[in-house]
Amino acid sequence: MDLPGLISSEYGVNEPEPLGTHELAKQYISRPENTIICTIPATSDLGNQRAYQICKEHISNKRRLVGVFTKCDKADRQEAERAVISAKSDIDNGDSIFKDGMFVVCNKSLESRVNEDEIFNRKPWSQVHSGRRGSMKLKDHLGEILTCEIEKAFPRLENDINSRLKEKRDSLKNMGEPRLNDSQQQEYLNRFVRQYSSKCTLALRRPGLLESETMDLRRELNDINTQFDNVMRWVGGFWRFDDEGVDPRAVCSNYGAFIDKKQEQPGTAKQILFPTPELEDYTEELKAIPAFEEHEHVEPFDKFVDTVTSKLRRFGASQPPGVINSDIYPVIYRVQVSKWGSIAQEHLDRVKDAMKSSYEEILRSICPDSGGTMILHHELKTRLHSMFCETLNKAKQELDRYCEQETQKELLQTTNNEFRTKLEAWRMLRYARAFYKGTGGEEAQDLISTQTLSTMWTSMDLSNQDRMMYDIHDVIKVYYGISLESFISHVTQTIVEGFVMDKDGPLSKMTTEYVLGLPKQEVSDITKEDKKTGQLREQLNSDIKKLEGAQEIAKDARVKVEILKRN
1 MDLPGLISSE YGVNEPEPLG THELAKQYIS RPENTIICTI PATSDLGNQR
51 AYQICKEHIS NKRRLVGVFT KCDKADRQEA ERAVISAKSD IDNGDSIFKD
101 GMFVVCNKSL ESRVNEDEIF NRKPWSQVHS GRRGSMKLKD HLGEILTCEI
151 EKAFPRLEND INSRLKEKRD SLKNMGEPRL NDSQQQEYLN RFVRQYSSKC
201 TLALRRPGLL ESETMDLRRE LNDINTQFDN VMRWVGGFWR FDDEGVDPRA
251 VCSNYGAFID KKQEQPGTAK QILFPTPELE DYTEELKAIP AFEEHEHVEP
301 FDKFVDTVTS KLRRFGASQP PGVINSDIYP VIYRVQVSKW GSIAQEHLDR
351 VKDAMKSSYE EILRSICPDS GGTMILHHEL KTRLHSMFCE TLNKAKQELD
401 RYCEQETQKE LLQTTNNEFR TKLEAWRMLR YARAFYKGTG GEEAQDLIST
451 QTLSTMWTSM DLSNQDRMMY DIHDVIKVYY GISLESFISH VTQTIVEGFV
501 MDKDGPLSKM TTEYVLGLPK QEVSDITKED KKTGQLREQL NSDIKKLEGA
551 QEIAKDARVK VEILKRN
């Protein structure tokens, strides 16, 4: 390191210039990868050299510092002795910052080069270690340092070349061969379609194996179906039913055991017959579902009573007093299920969004929408969207037909045996409650009495409006519960599952068989390269050729360095 900016005279000197020179030198010598050669004239005092002071302050690793006394042929006896002491100081007492001492050389001229050996073989220069005397020794030492640095750099250099070469080759491979004929075009298209089809199979049948949760449609579909099931049970009906959460058969059984005193029962007869079970609080769970907000409200049971009472008066006009007109049942039922269609449509929309996100994410993962695959991505996405819209319209039509069938019934019919048994259970509970009231409630009377008979008859009289309202309630409640199970199952397992798994849908139709069925011109349009892609291919081939050349050069150089090191 030579600092020509270290000036002792201040005349005509711009003050920032030497400061800038010093700062530049400090930055350079502080870099651990640099080898610093500190050159100091033998005619000067080492301690007064600013370069020496800077090296001492800013270089901690002595191995990368080489000290050189120059102009040794110009030094007088006193200067030579002083230089020799400094050159040997690290060897003798470790005071110097230069490991194994300093080199001594003469000025670079033909005459001094001839006389260098003669000068350094005389005292005091001969006291300096022979390996540190002369320009050739310095040259050999610097050569060893350079050889070691090159040797250390080769693994990193070769790794860098290999890494860049692999990156370029991978990019070229992803672009595929130039699609010059029908066979190359179809093979190029099939390569992407095979990857797409494979990931779609995982998305539909093997959840958890894909790299992105967005692709994992089966997991998302399971969550959405579960939420739909819950929403239908929580708020699917227009009105609340009475005695929610009550098992009528269990209540009647407990009441029978109570009056027969077969076993001790907690609570009174009234508590047994009119239980108030704690219902599930679904409010927070419902709010957490990002849909169905407009369907959250459910009318209370009182509104059901008002509606049925009003309808009984109107429908009863064509019947004898005390007779229920059967036309009222489907009318009330249609109101109760009036929200089903819109809830199911909202559910299908959520499935649609999840499905679209899944196949688009899969397409992006195997065929990015930028670079050399931009045209192919656009062409495939257009075709997938067409498949998606076609199957979605089919699913919507099927859902509309099914919802109309289930929500616009003119007759309430079923072959499910549960309807009869469950309705009997509710009617048994109504009878048990009438029996309880007829016998005086908690203060039971003699069962064989006209008062008991009159009270029981009043409670059970089918011509009584309240009794008719409850009978309609029980029929609608039981029929609704059975229909709800069937509706949820059909929507999730038939309509939604059919939509997702449709063989003509975007997750199933895009296969190599589909590609083989495309016209040649259409395959050519899908796989064509734009001008930018062609230019990129040429650039990649050029870069690969240059890097392969650099790879060979680095390999040859490493071999030569190893040979040089052995010699």
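Note that full-length UniProt numbering gives residue 242 to position 242 of the sequence shown, counting from 1, and the numbers run on in steps of one. Cβ coordinates follow ideal geometry from the N, Cα and C atoms, glycine included.
Quiz item: Residues bridged to Cys-252 by DSSP?
Solution: Partner residues in a beta bridge of Cys-252, as assigned by DSSP, do not exist.
Quiz item: What did DSSP end up calling Val-66 once you bin it into helix, strand or coil?
Solution: Reduced to three states, the DSSP call for Val-66 is strand.
Exercise. Determine the extent of the beta strand (DSSP E) in which Thr-39 is found, giving its start and end residues.
Key: From DSSP, the beta strand (DSSP E) with Thr-39 extends over 36-41.
Quiz item: Exposed or buried, what is Met-501 when buried is set at 16 or more other beta-carbons lying within 10 Å of its beta-carbon?
Solution: When all chains shown are included, Met-501 counts as exposed.
Quiz item: Can you name the residues that DSSP bridges to residue 568?
Solution: Because the chain in this structure spans residues 1 to 567, residue 568 falls outside the shown range and cannot be described.
Quiz item: So who's on the other strand from Val-104, going by DSSP bridges?
Solution: Phe-69 and Arg-133.
Practice problem: Taking Thr-276 as the reference, give the member of Val-251, Phe-292, Asn-162 and Lys-352 with the closest Cα. | Solution: Ranking Val-251, Phe-292, Asn-162 and Lys-352 by Cα distance to Thr-276 puts Val-251 first.
Quiz prompt | Close beta carbons around Asn-225, own chain, < 6 Å, minus the five adjacent residues each side | solution = Excluding sequence neighbours, Asn-225 sits near Thr-492.
Quiz prompt | Assigned exposure category for Leu-547 - 16 Cβ within 10 Å defines buried | solution = Buried, because 16 or more other Cβ atoms sit within 10 Å of the Cβ of Leu-547.
Quiz item: Are the stretch 359-368 and the stretch 236-246 touching by the rule of at least three beta carbon pairs closer than 8 Å?
Solution: No, the stretch 359-368 is not in contact with the stretch 236-246.
Quiz item: Can you name, in chain order, every residue of its own chain whose Cβ lies under 6 Å from the Cβ of Arg-558, other than the five neighbours on each side?
Solution: Within its own chain, the residues whose Cβ lies closer than 6 Å to the Cβ of Arg-558, once the five positions on either side in sequence are excluded, are Phe-154, listed in chain order.
Self-check item: Cβ pair count under 8 Å reaching 3, the stretch 285-303 against the stretch 314-334
Solution: The stretch 285-303 is not in contact with the stretch 314-334.
Quiz item: Whose C-beta lies closer than 6 Å to the C-beta of Lys-422 among residues of the same chain, with five residues either side of it excluded?
Solution: Excluding residues within five positions, the ones whose Cβ falls inside 6 Å are Val-478.
Practice problem: Could you work out which residue in Arg-249, Leu-180 and Ala-257 is closest to Val-523 when comparing CA atoms only? | Solution: Distances from the alpha-carbon of Val-523 to those of Arg-249, Leu-180 and Ala-257 put Leu-180 closest.
Quiz prompt | Per-residue DSSP class, three states only, for Asp-92 | solution = Any reading at Asp-92 needs caution, since the residue's pLDDT is 49, under 50, leaving its predicted position unreliable; the model's value is listed next. Looking at Asp-92 - three-state DSSP - the assignment turns out to be helix.
Self-check item: Selection from Pro-32, Asn-162 and Leu-142 that minimises the alpha carbon distance to Glu-552
Solution: Looking at the Cα atoms, Asn-162 is the closest of the given residues.
Practice problem: Classify Asn-222 as buried or exposed, calling it buried when 16 or more other Cβ atoms lie within 10 Å of its own Cβ. | Solution: Around the beta carbon of Asn-222, fewer than 16 other beta carbons lie within 10 angstroms, which makes this residue exposed.
Self-check item: Contacts around Tyr-186, its chain only, beta-carbon distance under 7 Å, and the 5 residues preceding and following it disregarded
Solution: It should be pointed out that residue 186 corresponds to Gln in this sequence rather than to Tyr. Cβ within range, chain order: Val-515 and Val-523.
Quiz item: For Lys-88, is the classification buried or exposed, using 16 other Cβ atoms within 10 angstroms of its Cβ as the cut-off for buried?
Solution: With 16 or more neighbouring CB atoms inside 10 Å of its own CB, Lys-88 falls in the buried class.
Quiz item: Three-state secondary structure (DSSP) at Thr-415?
Solution: Looking at Thr-415 - three-state DSSP - the assignment turns out to be coil, as it is neither helix nor strand.
Practice problem: Pick helix, strand or coil for Gly-440, following the three-state DSSP scheme. | Solution: In this structure, Gly-440 counts as coil in the three-state DSSP scheme.
Self-check item: Neighbourhood of Ile-29 by C-beta distance below 8 Å, restricted to the same chain and skipping five residues each side
Solution: Met-1, Ile-36, Ile-54, Cys-55, His-58 and Ile-59.
Exercise. In angstroms with no decimal places, state the Cα-to-Cα distance between Ala-550 and Leu-540.
Key: For the pair Ala-550 and Leu-540, the Cα-to-Cα distance works out to about 15 Å.
Quiz item: Does DSSP put Met-387 in a helix, a strand or coil?
Solution: DSSP places Met-387 in helix when its eight states are reduced to three.
Quiz prompt | Cβ-based burial, Leu-210 [other Cβ within 10 Å; buried from 16] | solution = By the 10 Å Cβ count, Leu-210 comes out buried.
Quiz item: What does a CB cutoff of less than 7 Å around Glu-79 pick up in its chain, not counting 5 residues either side in sequence?
Solution: Closer than 7 Å at the Cβ level, and outside the excluded window around Glu-79, lie Ala-42 and Thr-43.
Self-check item: 8 Å Cβ cutoff met for Cys-38 and Ala-51
Solution: Against a cut-off of 8 Å, the Cβ pair of Ala-51 and Cys-38 comes out as a contact.
Quiz prompt | Straight-line Cα distance separating His-129 from Asp-92 | solution = In this prediction, Asp-92 has a pLDDT of 49, which is less than 50 and means its spatial position is unreliable; what the coordinates show is noted afterwards. Distance from the CA atom of Asp-92 to the CA atom of His-129, rounded to whole angstroms, is 11 Å.
Practice problem: Measure the Cβ-Cβ separation of Asp-45 and Arg-82 and say whether it is below 8 Å. | Solution: Closer than 8 Å, so yes.
Quiz item: Buried or exposed: where does Glu-360 fall if 16 or more other Cβ atoms within 10 Å of its Cβ makes it buried?
Solution: Looking at its Cβ environment, which holds 16 or more other Cβ atoms inside 10 Å, Glu-360 is buried.
Quiz prompt | DSSP state of Phe-258 mapped onto helix, strand, coil | solution = Correct three-state label for Phe-258: helix.
Self-check item: Counted within 10 angstroms of its Cβ, other Cβ atoms place Lys-339 as buried (16 or more) or exposed
Solution: Flag for Lys-339 reads buried.
Quiz item: If we count Cβ pairs, one from each stretch, closer than 8 Å, do we get three or more for the stretch 466-486 versus the stretch 404-421?
Solution: Counting Cβ pairs under 8 Å, three or more are found: they touch.
Practice problem: Check Val-323 in the structure and name its three-state DSSP category. | Solution: When DSSP states are grouped into helix, strand and coil, Val-323 belongs to the coil group.
Exercise. Using the Cα positions of Ala-291 and Asp-504, report the straight-line distance between them to the nearest angstrom.
Key: If I take the Cα positions, the gap works out to 28 Å.
Quiz item: With 16 other CB atoms within 10 Å as the buried threshold, where does Pro-506 fall?
Solution: So Pro-506 counts as buried.
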